[in-house]
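Chemist:
Numbering (the numbering used here), first residue to last: 1209 to 1499.
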């Protein structure tokens, strides 16, 4: 039987503020060899290439964030822990003149320097339409996951993956991603032919497959559904109607979580959720200790 022990601590980093979460997954039998994973997580960077202006009245954000600082931070973190995992929860497009002028080339070009293990699709990735999304996503050297969009018959068919399995430090990790309902978020002309599938049902089926069939030790859901979203089908909706998910890495609502949130799955077990505001001001650090 598995349970979560959560400790929260803060530290200074090159960002300079990074959230450090320690999340211990304890597995029986007692006395089994301890295995550790370090996960870094970002969401909703919104084309923030450079740090936010240091003149911003909000000193919590002034001079911080951005793709360039994130590249430097990741290099520093990997020097200390070469096996760390890094995931992004989407909406890396839209928010600056770089995206308006270059339509995603700059953002994906910088993300290609980050060693991303997987990302997903936010609603703003649709902003210049499917043709542009397909063009830019083909440039990515990292997998872009989406489990609940059916792109069959569109230019996006075959470009994304429904899930991946990563082996790191002797741990088998299954990763999948759920994305928001396009209606009301994406212009109809920018998503013609894309079919939206219920994220809860997809999560239930995919997590079961990863745990039962693929025998993954840990199942991670990258989500762009949002936390406490007024649209209904958010992380709470998905978690409460699924099982076998060990960790949700969230996005979309720009929620700053100073500590991990938890929501009960359909079996009443609390599932930890992380989300880190926007613009890469904060990076979530989650340490998984498996016994």
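Where a beta carbon is used, it is the ideal one built from N, C-alpha and C, also for glycine.
Exposed or buried, what is residue 1211 when buried is set at 16 or more other beta-carbons lying within 10 Å of its beta-carbon?
Modeler: Translated into the one-based positions of the chain shown, residue 1211 becomes position 3. Any answer about residue 1211 is weak, because its pLDDT of 27 lies below 50 and its placement is not dependable; what the coordinates show is given next. Exposed: under 16 other Cβ atoms inside 10 Å.
Chemist: On the three-state DSSP scale, how would you describe residue 1470?
Modeler: For the purposes of this step, residue 1470 is taken as residue 262 along the chain shown, with counting starting at 1. Three-state DSSP puts residue 1470 in a strand.
Chemist: From which residue to which residue does the beta strand (DSSP E) around residue 1478 run?
Modeler: Taking the first residue of the chain shown as position 1, residue 1478 is located at position 270. Residues 1478-1482.
Chemist: Kindly indicate which three-state DSSP category residue 1422 falls into: helix, strand or coil?
Modeler: Along the chain shown, one-based indexing puts residue 1422 at 214. Residue 1422: coil per DSSP, three-state reduction.
Chemist: Keeping to the same chain, check which residues put their C-beta closer than 6 Å to that of residue 1364; ignore five residues upstream and five downstream.
Modeler: Here residue 1364 is taken as the residue at index 156 of the chain shown, counted from 1. The answer, listed in chain order, is 1338, 1342.
Chemist: Taking Cβ positions, are residue 1244 and residue 1331 nearer each other than 9 Å?
Modeler: Reading the chain shown from its first residue, position 36 is the one you call residue 1244. Reading the chain shown from its first residue, position 123 is the one you call residue 1331. Against a cut-off of 9 Å, the Cβ pair of residue 1331 and residue 1244 comes out as no contact.
Chemist: Could you check where the alpha helix (DSSP H) with residue 1443 kicks off and where it finishes?
Modeler: As a working mapping, residue 1443 is identified with position 235 in the chain shown. Here the alpha helix (DSSP H) through residue 1443 covers 1443-1448.
Chemist: Compare the C-alpha of residue 1325 against each of 1367, 1292, 1356 and name the closest.
Modeler: The residue you call residue 1325 lines up with position 117 of the chain shown. For the residues 1367, 1292, 1356, the minimum Cα distance to residue 1325 belongs to 1292.
Chemist: Of all Cβ atoms in chain C, is any one closer than 9 Å to the Cβ of residue 1494?
Modeler: The chain labelled as chain C is not found in the depicted structure, where only one protein chain is given.
Chemist: Give the straight-line distance between the Cα atoms of residue 1461 and residue 1431, rounded to the nearest whole angstrom.
Modeler: Taking the first residue of the chain shown as position 1, residue 1461 is located at position 253. Taking the first residue of the chain shown as position 1, residue 1431 is located at position 223. When rounded, the distance between both Cα atoms is 11 Å.
Chemist: According to the Cβ coordinates, are residue 1299 and residue 1333 closer than 9 Å?
Modeler: Reading the chain shown from its first residue, position 91 is the one you call residue 1299. Reading the chain shown from its first residue, position 125 is the one you call residue 1333. Their beta carbons are under 9 Å apart, which means residue 1299 touches residue 1333 by this criterion.
Chemist: Report yes if the CB atom of residue 1315 is closer than 9 Å to the CB atom of residue 1301, and no otherwise.
Modeler: In the chain shown, residue 1315 corresponds to position 107, counting from 1. In the chain shown, residue 1301 corresponds to position 93, counting from 1. It is a contact, given that the beta carbons lie within the stated cut-off.
Chemist: Under DSSP, the beta strand (DSSP E) around residue 1250 begins and ends at which residues?
Modeler: To locate residue 1250, count along the chain shown from 1; it is residue 42. 1243-1250 is the span of the beta strand (DSSP E), which, as asked, contains residue 1250.
Chemist: Are the CB atoms of residue 1381 and residue 1443 nearer to each other than 9 Å?
Modeler: Residue mapping note: residue 1381 aligns to position 173 of the chain shown, counting from 1. Residue mapping note: residue 1443 aligns to position 235 of the chain shown, counting from 1. No.
Chemist: Look at the alpha carbon of residue 1246 and the alpha carbon of residue 1440, and state the distance between them as a whole number of angstroms.
Modeler: Start at 1 with the first residue of the chain shown, and residue 1246 comes out as number 38. Start at 1 with the first residue of the chain shown, and residue 1440 comes out as number 232. The alpha-carbon atoms of residue 1246 and residue 1440 are separated by roughly 31 Å.
Chemist: Can you check which of these residues, 1403, 1437, 1449, is closest to residue 1414 by C-alpha distance?
Modeler: Indexing the chain shown from 1 puts residue 1414 at position 206. Here the closest residue by C-alpha is 1449.
Chemist: From the DSSP output, read off the bridge partner residues of residue 1384.
Modeler: Walking along the chain shown from the start, residue 1384 turns up at place 176. Residue 1384 pairs with 1371, 1429.
Chemist: Candidates 1321, 1356, 1494, 1340: which alpha carbon is nearest residue 1411's?
Modeler: On the chain shown, residue 1411 is found 203 positions in, with the first residue counted as 1. Ranking the options by Cα distance to residue 1411, first place goes to 1356.
Chemist: Round the Cβ separation of residue 1407 and residue 1383 to the nearest angstrom and send it over; I've been treating them as touching at under 8 Å.
Modeler: Along the chain shown, read from residue 1 onward, the residue named residue 1407 stands at position 199. Along the chain shown, read from residue 1 onward, the residue named residue 1383 stands at position 175. At roughly 15 Å, the Cβ-Cβ gap does not stay under 8 Å, so residue 1407 and residue 1383 are not in contact.
Chemist: Pull up the distance between the alpha-carbon of residue 1282 and that of residue 1474, whole angstroms please.
Modeler: Reading the chain shown from its first residue, position 74 is the one you call residue 1282. Reading the chain shown from its first residue, position 266 is the one you call residue 1474. Looking at the two C-alpha atoms, the distance is approximately 36 Å.
Chemist: Can you give the Cα-Cα distance for residue 1472 and residue 1445, rounded to whole angstroms?
Modeler: Taking the chain shown and counting its residues from 1, the one referred to as residue 1472 is at position 264. Taking the chain shown and counting its residues from 1, the one referred to as residue 1445 is at position 237. Between residue 1472 and residue 1445, the C-alpha separation is close to 10 Å.
Chemist: Is it the case that the Cβ atoms of residue 1294 and residue 1248 are separated by a distance below 9 Å?
Modeler: Stepping through the chain shown from its first residue, residue 1294 is reached at position 86. Stepping through the chain shown from its first residue, residue 1248 is reached at position 40. Taking 9 Å as the Cβ cut-off, residue 1294 and residue 1248 qualify as a contacting pair.
Chemist: To the nearest angstrom, how far is the alpha carbon of residue 1253 from that of residue 1242?
Modeler: For this step, residue 1253 is matched to residue 45 along the chain shown. For this step, residue 1242 is matched to residue 34 along the chain shown. Approximately 34 Å, taken between the alpha carbons.
Chemist: Can you give me the C-alpha to C-alpha distance between residue 1296 and residue 1361, rounded to a whole angstrom?
Modeler: What you label residue 1296 is simply residue 88 of the chain shown in a count that begins at 1. What you label residue 1361 is simply residue 153 of the chain shown in a count that begins at 1. Distance between the alpha carbons of residue 1296 and residue 1361 is about 27 Å.
Chemist: Hey, residue 1427 and residue 1454: beta-carbon distance below 9 Å or not?
Modeler: Here residue 1427 refers to the residue found at position 219 when the chain shown is read from its first residue. Here residue 1454 refers to the residue found at position 246 when the chain shown is read from its first residue. Against a cut-off of 9 Å, the Cβ pair of residue 1454 and residue 1427 comes out as a contact.
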